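Sequential numbering from 1489 applies to the sequence shown in this note's numbering.
Where a beta carbon is used, it is the ideal one built from N, C-alpha and C, also for glycine.
Here the structure is a predicted model, which is why all the values come from computation and not from measurement.
Contents: one structure, followed by commentary.
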Amino acid sequence: MTVRTGAFGAASGEARPARAATGGPEQTGDGPEQTNGGPGAAGGGPEQTSGGPAAAGGGLTRRRLGARLLALGGVLVLHAALPGSAGAAGAAGSPAERRALQGLRLRYGSARQAGLLEKHLEGVADEARRFLGPSPEHPYYAGAVVLAGRGRTIALHRAMGHAVRYADYDGRTDRVREFPEAERIAMAEDTVFDLASLTKLFTSILAVQQIERGRLELEAPVCRYMPEFTGGGKEIITVRQLLTHTSGLRSWAPFYQESTREGQLRLLWSVRPQETPGTVYRYSDLNLISLQLLLERITGRTLDALLRDEITAPLGMHRTRYNPPFSWRCVTAATEVQRPPWSGLDRGLVWGEVHDENAYALGGVAGHAGVFGTAWDLAVLARALLDGGVYAGRRILRPASVELLFTDYNTAFPGDDHGLGFELYQHWYMGAMATPHSAGHTGFTGTSLVLDPSTDSFLILLGNSVHPVRTWRAGSAPRVAVGNLFARAVPVRTRHGGAAWFSGIRPGASGTLTLPPLRPATAAARLRCAVWWDTVPGEGALHLEASADGEHWEPLPFSTVRSTGGAPEQWPRGSVSGWSGRVWHRLEAPLTSAWTGREVRLRLRHAATGRYVGRGVYVDVVRVAEPGRLLFAEDRPVDADRVEAIGWTRSAD
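Structure follows, in structure tokens:
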């Protein structure tokens, strides 16, 4: 059939665990992922939804301010806050932005130059390499490229395994036919990958560019730009709801079954919301398909042309594009042997063409899938976003527009944090890199990108995990593993430069840090220490406890104050969880009159109860004192030797 390039695309992507659309045999393990389509694909199965009422929860935070400004006043209000505008606080922007405008580019360097710990950075590559073996039965991917950096230094860029290894796959026997050794292609650092749903990020950036230029309004109904986008409640779906997967549309539709573009369009126009728009979060390729049509309508250009002219050419991303030419095939990672029933099409080995069945049927250009690229090019994009939309002196977005990408619009749906296109704070694939500021996305072919503005770092893992077949992979175990190690490579320093007690970042681990028996003489006794914590909310915590006999423990309430200043926070249950902001806090716990004249034992306990972990917990300079008397001081050798540490280690980083 003949399909106009850039017409629109079909469904491919990955959904976060438990809360995303589900169905299909491949959705097992940590982080179920939506498949491309077809009889064995996720899109055809039942869909799980999440969230509560449409009303937004929470207050107006800095992260939501830019979004509210756009919703209320559009581009004129936004413009007043942008660098270079009459209302800007400073035309030069932030120091990072100024450096980017000076033309500074990414460079290779050492872990030390990047402000990273070499031993843990090397562990990132080791973890990625581990999944070339049974994971648990088949290799997770035939090969991978991992790239990690901080600031403008790329400190790790490794290739491993094969870009092309398998020639065929027999679904009846679950056996493969491999290419002869001489015909296999080793993975290289500059191997081109089918980025799958990372395409959604490019489409979202293109949409925000149009918002910035005043051609598109975030809170406008989509039907304002596409009158055909109506029926069954579609007419109230907004641009924001497409970008945040809160439109109520189903996750997938078999566009590849339609033989003409007219039929494909009819299928899209016929789709009706399954729930009232704004009342549910559901990851849906249809959102980005619709957004592509909208962008092409208001600009008069196809999506591949927009990608080239507005993002890749300005940033010098010369190995990122839709529909790569045949000459790229020898440097491109192969994907799947596609045959029914696990695929909706019978294409054999897919290599050098888009893996997603719908995107393929629609000419290779789609809003949700179809972009090919390299790890280096994605690093350039990451650097541009971390620097407020500019790289090497070339701007693609203004800083306030970048903030929209990283603003959580889904506060009504806890756990489904989402900016415009970008997923936020998702431990299921970011691992310990996940913070309230971390942004990224995954792709079904085995790709992922994570940005952490709080540490100015980025991590890219590209694997051909559907080579030879999608059923060989499950979940996001490699992404989590490399994310954990890379987070560990960003050091946590004490004020004195020495070691502190560290909980570690092993999932399911727990430990206790117990002081020797003490006997306070007054009710003015206090425990004080410095603490730093980053745990998965609700699945990891630091507890302070007291006991008279060392067997039965009760919570000891305490307060914390950030080292950077501010009002004290009270923790009446004697525990803290979540993210402390990457700053040390001063902890203070009164022992009260209940312990006056009695022997008391105090302990700090950490527990990680879930499948994922944060960066961990640090405790430093523990002291117990009362007026005129120091009961315990960790920095006194005689006291330090009496601390009983189980599951805690001393660490200087």
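Burial check for residue 1966: the Cβ neighbour count within 10 Å reaches 16 or more, so the residue is buried.
Per DSSP, reduced to three states, the secondary structure at residue 1743 is helical. A direct Cα-Cα distance of roughly 25 Å separates residue 1975 from residue 1592. Collapsing the DSSP output to three states places residue 1830 in coil. The Cβ neighbour count for residue 1951, taken over all protein chains shown within 10 Å, is at least 16; the residue is labelled buried. Distance from the Cα of residue 1859 is smallest, within the candidate group 2064, 1691, 2110, for 1691. Per the coordinates, the alpha-carbon of residue 1648 lies some 16 Å from the alpha-carbon of residue 1654.
The three-state secondary structure of residue 1648, taken from DSSP, is strand. Per DSSP, residue 1916 is one residue of the alpha helix (DSSP H) stretching across 1915 to 1918. Rounded to the nearest angstrom, the Cβ distance from residue 1886 to residue 1879 is 14 Å, too far for a contact under 8 Å. The C-alpha of residue 2060 lies about 6 Å from the C-alpha of residue 2046.
Counting only unbroken stretches of 3 or more residues, the beta strand (DSSP E) elements lying wholly within the stretch 1867 to 1939 are 1927 to 1931, in sequence order. The three-state secondary structure of residue 2015, taken from DSSP, is strand.
By the Cβ test, the stretch 1939 to 1951 is in contact with the stretch 1972 to 1987, since at least three Cβ pairs between them sit closer than 8 Å. Scanning 2004, 1960, 1934 for the CA closest to the CA of residue 1680 turns up 1934. With fewer than 16 other CB atoms across the displayed protein chains lying within 10 angstroms of its CB, residue 1981 is exposed. Apart from sequence neighbours up to five positions away, the residues of its chain that approach residue 2100 with a beta-carbon distance below 6 Å are 1915, 2024, ordered along the chain. If you ignore the 5 residues before and after residue 1606, its C-beta comes within less than 6 Å of the C-beta of 1599, all in its own chain and listed in chain order. Per the DSSP secondary-structure output, residue 1663 pairs in a beta bridge with 1658. Counting only runs of at least 3 residues, the stretch 2018 to 2043 fully encloses the following beta strand (DSSP E) elements, listed from N- to C-terminal order: 2028 to 2035. The DSSP-derived three-state label of residue 1622 is strand. Excluding the 5 residues flanking it on each side, residue 1811 has same chain C-beta neighbours closer than 6 Å at 1852, in chain order. Taking a cut-off of 8 Å for Cβ pairs, the stretch 2094 to 2111 and the stretch 2024 to 2035 touch, as three or more such pairs fall below it. Residue 1752 carries a helical assignment under DSSP once its states are collapsed to helix, strand and coil.
For residue 1966, there is no enclosing beta strand (DSSP E); the enclosing alpha helix (DSSP H) has its first and last residue at 1965 to 1977.
Note on the stretch 1978 to 2012: whole beta strand (DSSP E) runs with a minimum of 3 residues are 1988 to 1990, 1998 to 2002, in chain order.
Distance from the CA atom of residue 1925 to the CA atom of residue 2007, rounded to whole angstroms, is 44 Å. Per DSSP, residue 2120 is not a residue of any alpha helix (DSSP H); the beta strand (DSSP E) it occupies stretches across 2117 to 2121. Sequence-distant partners of residue 1835 (beyond 5 residues in either direction) whose C-beta falls short of 7 Å from its own C-beta, in its chain, are 1826.
Contact between residue 1830 and residue 1957 holds: CB atoms are separated by about 6 Å, below the 8 Å threshold. Inter-residue distance for residue 2015 and residue 2053 is about 20 Å (C-alpha atoms, whole angstroms). Around the beta carbon of residue 2017, a 10 Å sphere encloses 16 or more other beta carbons of the protein chains shown; the residue is thus reported as buried.
DSSP links residue 1642 through a beta bridge to 1596, 1637. Per DSSP, the continuous beta strand (DSSP E) segment holding residue 2046 begins and ends at 2046 to 2050. Looking from the CA of residue 1720, the closest CA among 1757, 1903, 2139 belongs to 1757. Inter-segment contact for the stretch 1719 to 1737 and the stretch 1764 to 1772 is present: three or more beta-carbon pairs are separated by less than 8 Å.
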